[in-house]
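First comes the structure, then the notes that go with it.
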Amino acid sequence: MLVLIPLLPFAGFVINAFVGRRLSKTVSGGLACLVMVAAFLVAAITGWTVISGGHAIEQTLFTWLPSGDLQIPFALRVDPLATVMILVVTGIGALIHVYSIGYMHEETDGEYARYFSYLNLFASFMLVLVLGANFPVMFIGWEGVGLCSYLLIGFWFRKKPAADAGKKAFVVNRIGDFGFILGMLLLFASFHTLDFQGVALAAAARAPETATFGLMTAATLLLFLGATGKSAQIPLYVWLPDAMEGPTPVSALIHAATMVTAGVYMIARNAVLFSHAPTTLAVVAGIGVATALMAGTIGLVQNDIKRVLAYSTVSQLGYMFLAMGMGAYAAGIFHLYTHAFFKALLFLGSGAVIHALAGEQDLRNMGGLKKALPVTYWTFLTGAIAIAGVPPLSGFFSKDEILFRTFTGTAVNGWNGRPLLWLIGIVTSLLTATYMFRLVFMAFHGERRHDAPAAPVRPEEEEPGAPVPPLPGPVYSDLPAVDRTHGATHASHAHEGAHLHDAPPSMAIPLIVLAIGSIVAGFIGVPHAIWGSNRIETFLDPSFEVSREAAATEPGAPLVDVPPAAEPHEDTGRELTLMAVSTGIAFAGIGIAMYFWLRNRAASDRMARRFAALHRLLLNKYYVDEIYDAAVVQPIRLLSTSGLWKGVDVGIIDGAVNGVGLSVGAGSRGLRRAQTGSVRTYAASLFLGVVLILGWYLWR
Amino acid sequence: MLSVIVFLPLAGALLVLAAGGRGDRHDREPLVRGLSLAVSLVTFAATLYLWWRFDPASADYQFVEQRAWLPAFGIQYLLGVDGISLFLVVLTGFLTPLALLSSWAAVHKSVKVFCFFLLALETALLGVFVAIDLFLFYLFWDAVLIPMYFLIGIWGYERRIYAAVKFILYTMAGSVLMLIAIIGLAWAYSAANGAPSFDLRELHTVTLPWAMQKWFFLAFALAFLIKVPLFPFHTWLPDAHVEAPTAGSVILAGVMLKMGTYGLLRFAFPLFPDAAHVFAPWIALLAVIGIIYGALVAMVQPDLKKLVAYSSVSHLGFVVLGLCAVNVQGVQGAVYQMVNHGVSTGALFMIVGMLSDRRHTRLISEFGGLKAVMPRLVAAFLLITLSSIALPGTNGFVGEFLILIGAFRWDPRLTACAATGVILSAVYMLWMFQRVNYGRVTNEKNRGLPDLNAREWGMMIPSAAVAIFMGVAPALFLRPMEPSIVRTIARIEGRMPATARASQPGLGARGRPASREPRATSDEPRATSHEPRAATSEPRATSCERRAAASDKKI
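Top to bottom, those sequences are chains A and B. Just so you know, we're using the working numbering here: the first sequence kicks off at 3 and counts up by one. Just so you know, we're using the working numbering here: the second sequence kicks off at 2 and counts up by one.
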């Protein structure tokens, strides 16, 4: 039963990959959507069993890796945490599949099938990641989604930026995976199990490493390195903005709603382990909040609609890590779940805009789309309000829960930095509202600017920093602009003039469903302070503790009580105050955006000029790509080429080998003189030899 | 049974020579090719049958054939196969037909002789893996060189003579020393038991003094490490690969390099355990250097074949690291990785061969945008690339993961360095893959290249299928390996205390690092595995340092 959930999309992948090019678009796209909907139904039934039964379901298929005491079964397990995730992945995944039918319709049959096969494969791996009952099975999904991300970012493989971005995503993720693997190794070497429950039990049997830097701290830090790669946190976030080269539905599914949350999920999955390493939690919280702030500031000045959303995703993921670091696992997962709705919505909305404008992504060339694209506008606006944190939309509840937990918990590992973390969180919240409404106002309000000739080449600063400079080759910038972006056929009707299409039904329906979701999704987590029951938290909490059943079946495992995940104070007054503050902040952010980008555009330009240095710094994303290139990529290339290859390999080792060869050759040439071919010389030397040997024997 | 498998290709080779007629007759080419392919396929089927009949629960040599050969010197005709060699035999059987297929389009010069050498090579390789008499092993070991030398020297590319000579000198240098050590070993046996023997099973019972062990081990290890090739003995490999014809590269990378790692595991480590304990950390260090070094150098190669050749240095570094860990996961991963590397690197060389057949160049910069031109070839290429960078779900992951687990229990710091190979392999493979296949078609010559033909499908489908199958169901391979590997480890570990202290005072304390606990834990029943292993990590780190310091003193 459980295995059906990932297996259904996988079947879709197999069919589309092997015979897709011979199928019509209706069949291949329809099949891909069908398997996703079927997977969603199975997931829903499974979820219902978990909710009503109240305990985890497990399925072991076969022994995957047996080697000595290492026995890794291919096992799947669904508990409350996994339930939320599979519903998000299959539900939102299915909607995005449907949306893709409309969005990708210009591709040829073969490409269309290829696209859907990758998308199905992604869903399948993501579900394995979520359902895996031990680290290696999760790692199958973990790297598998990375592969699909690579393939889908580089889907338009003819454009160099897309291929570069795909490779960059894979390589940066591999740096994280390096940490993930080492974390696994350390856990196995110490705990002798890689099963999540087993690890949790083993961790629970130890005292939390409050003052020491022990094994659990090291292992969790390594795992967290993996999470920073997958979930685009400092220092490995650089691949996500570039990943926007992929088709927009891909950005919505992989780079907003699902894959990038894998790191958050992984920490939540190992909540018991992480709770026993407070130092790591402090690091997680610090990195999370720093990423949130940094990405928020960059998002404020970017001009590419998808890049703004990308930085916004990085920023929101930072919130989730903040929650993880605070031990507020349920709050973090709650935000993951609401974020999936509104961020997918925003991406799909931006896709509808890009689709209507024949590939235009530059905000400066948009404007006034409100009338032409009503469905897109109203759904997009809903998403923006939700992410800004305006009650009672979903984003408000989840973000507020995180900020509240940040403010009220106990001290972080002795250092009481919570108010500071909270403050940064609030500032980021202000930034979020501002940049999101800047986007709304620039794209949908004001005058229409998109009839102005589209800039043929996007501004230089947005060219993704290729990790490795290309070999000398032809320059790509002379290609027609339409080829570099979305769709060629749309270019024709965009130039017809003022006539713009709103989203076709296959795209509009997902937008509307997601918009409704963005409004109501938060209601399952209404806090007690305002007469809610926070049901999602009560539902999720068992996943973050050692399960009683598992503990019961392990006799002799002494249970040290797990430190409870920051118990909410029954301090309704303070909670309400904080709520009011964050609501106020959301409106303040919207107000700022309204002033600068709706009422008084000149003021925003003036600001940019007055703080030109800061503006340039933000526009260039703090030059992080450039710094990485200069500090890491180039030195390694130089070392490899002239140091190792030409120097050590060809110079020293081969030099030595050839030197030996040459001297042997020289010696042989000397010896060859002895080989005169004259019988007399041989006879003479033979005689001489006999005499010498005899002489030696006699003389001795 | 084993004799049949070993000598079937040779018999076929002679048949091919006869069928080819006199001189270089082109009209007989299809006959020659068909016949040799048929022979290699029958051999492959025979190896599969061997696997099917193999008893996975036994650690012993199976299908043993024992005949006296030169009784005066104790030399026997002695063949046998166990869990370690079984899959190398199957791998050889698997790759030879593919290698033959890969040469169909490229080789037109004396096809008959080409096929003869390739089949003769298969016999020699199979012999290496099943010989358990050391003298016989040595004969096969050197016999491998001859056909390979001609394959490179006759059917190679421009600098083929230089490459062939370099190849043969490098490897001969090692094997001569090994021959001396083999004879020395037999002599030591006869000193103890009255008559010489080359039977590996008998030789295990000899207790050698430390000084002798040390030198014998070094002689064996040098021969094997050159073959692997371990950094810094690897420079023959890129040259040999670049100049060898595709079939030569496939067999060279796919099977021949494994002779080195197989030799370490079968002979060098168990025969000289004391020396193995002392030198293993140093060999492992070289292996880790090789992993990183090979990857870095591969990254900047302009030539596809050289890139794959250097990537082999990196991959084989993993294998050696796993062997040096001497615990179940490490060694099992190493043997698994030998087979993996054969499958995926063999397939990579086949793909490079296909590109080179079409374009007569192997320079990466000559390609670009191939995905638009040859989507099927590029799909196969992608799959093999993924297997080479060890994506979970492919064979590469199973091998690397087991090696890393085994090595981590032995020496976490070295393993952490080795694990950077995970990042680097993605860098060089994907960068190459992008430059060859993505982007626009910029070189007019690449337009209109034909996609895979039936013969090439016949090479790609088996390779890709095996790569996936070994990633999904490794248990089928790991289970038959385990008993033999456990016994070999016991041999390397177990004989230590008494003999070592007797022969070399003070060695026991140093030679047996305290951190070698894994074997004890590996036999633990699964039930206890959840038990908290308190305080395992800190002592391990320190014992590891102690060992490193101890070895420092010795060397």
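Backbone N, C-alpha and C fix where the C-beta goes; we use that ideal spot for every residue, glycine too. Given the structure is predicted, the values throughout are model-derived calculations rather than measurements.
Distances from the alpha-carbon of Gly575 (chain A) to those of A:Phe589, A:Ile532, A:Glu449 and A:Ile538 put A:Ile532 closest.
Shown in chain order are the members of the region 405–429 of chain B whose Cβ falls below 8 Å from a Cβ of chain A: Leu405, Ile406, Phe409, Arg410, Pro413, Thr416, Ala417, Ala420, Thr421, Val423, Ile424, Ala427 and Val428. Non-local beta-carbon contacts of Arg68 (chain B) in its own chain, meaning distances under 6 Å to residues more than five positions away in sequence, involve Tyr78 in chain order.
In this structure, Cys325 (chain B) lies away from Ala220 (chain B), with their beta-carbon atoms at least 9 Å apart. Contact residues of the region 63–84 of chain A toward chain B are Phe64, Thr65, Trp66, Leu67, Pro68, Ser69, Gly70, Asp71, Leu72 and Gln73 (C-beta to C-beta distance below 8 Å). Taking a C-beta distance under 9 Å as the contact criterion, Thr315 (chain A) and Ala234 (chain A) qualify as a contact pair. Using a Cβ distance threshold of 9 Å, Glu247 (chain A) and Phe336 (chain A) do not count as a contacting pair. Check the Cα spacing between Val437 (chain B) and each of A:Asp166, A:Trp144, A:Pro11 and A:Asp71: the tightest is with A:Asp166.
Taking the Cα of Phe541 (chain A) as reference, the smallest distance to any Cα among A:Ala40, A:Gly49 and A:Val39 is reached at A:Gly49. Counting along the chain, the unbroken beta strand (DSSP E) around Pro68 (chain A) starts and ends at Ile59 to Ser69.
Residue-level contact by beta carbon fails for Lys232 (chain A) and chain B, as no gap is shorter than 9 Å. The three-state reading of DSSP puts Ile390 (chain B) in coil, since its state is none of H, G, I, E or B.
Under the three-state reduction of DSSP output, Pro197 (chain B) falls in the coil class, being neither helix nor strand. In this structure, the beta-carbon distance from Glu145 (chain A) to Leu392 (chain B) falls below 9 Å.
Taking a cut-off of 8 Å for Cβ pairs, the region 102–114 of chain B and the region 13–28 of chain B touch, as three or more such pairs fall below it.
Cα atoms of Gly32 (chain A) and Ile424 (chain B): separation of roughly 38 Å, rounded to the nearest angstrom. Residue-level contact by beta carbon fails for Lys306 (chain B) and chain A, as no gap is shorter than 9 Å.
Pairwise C-beta distances place the region 446–455 of chain B out of contact with the region 305–324 of chain B, as fewer than three of them are shorter than 8 Å.
What Thr643 (chain A) touches in chain B, judged by beta-carbon distance under 8 Å, is Val301, going in chain order. Contact annotation: the region 338–355 of chain B does not touch the region 270–277 of chain B, with fewer than three C-beta pairs closer than 8 Å. Looking from the CA of Leu365 (chain A), the closest CA among A:Ala346, A:His341 and A:Leu311 belongs to A:Leu311. Assignment of Pro303 (chain B) by DSSP, reduced to helix, strand and coil, places it in the coil class. Counting only unbroken stretches of 3 or more residues, no beta strand (DSSP E) element lies wholly within the region 406–471 of chain B. Rounded to the nearest whole angstrom, the CA to CA distance from Arg492 (chain B) to Trp283 (chain B) is 20 Å.
Against Leu149 (chain A), the close residues of chain B are Leu387 and Leu392, in the order they occur along the chain (beta-carbon pairs closer than 8 Å). Per DSSP, the beta bridge partners of Val82 (chain B) are B:Gln63.
Under the 9 Å criterion on CB atoms, Glu247 (chain A) is classed as non-interfacial with respect to chain B. Boundaries around Pro75 (chain A) are those of the beta strand (DSSP E), Leu72 to Val80, since no alpha helix (DSSP H) includes it.
In this structure Leu322 (chain B) is in contact with Ala288 (chain B), their Cβ atoms being roughly 4 Å apart against a cut-off of 8 Å. Phe234 (chain B) sits buried, since 16 or more C-beta atoms from the chains shown fall within 10 Å of its C-beta. With contacts defined as CB atoms closer than 9 Å, Gly178 (chain A) and Leu121 (chain A) fail to qualify as a contacting pair. If you draw a 10 Å sphere on the C-beta of Ser545 (chain A), you find 16 or more other C-beta atoms in it, and that means buried.
Using a Cβ-Cβ cut-off of 7 Å, Glu145 (chain A) is close to Leu392 and Pro393 of chain B, given in chain order.
One thing to note: Asp83 (chain B) has its Cβ within 9 Å of the Cβ of Tyr62 (chain B). Under the three-state reduction of DSSP output, Gln235 (chain A) falls in the coil class, being neither helix nor strand. Interface with chain B (9 Å Cβ-Cβ cutoff): Trp241 (chain A) is excluded.
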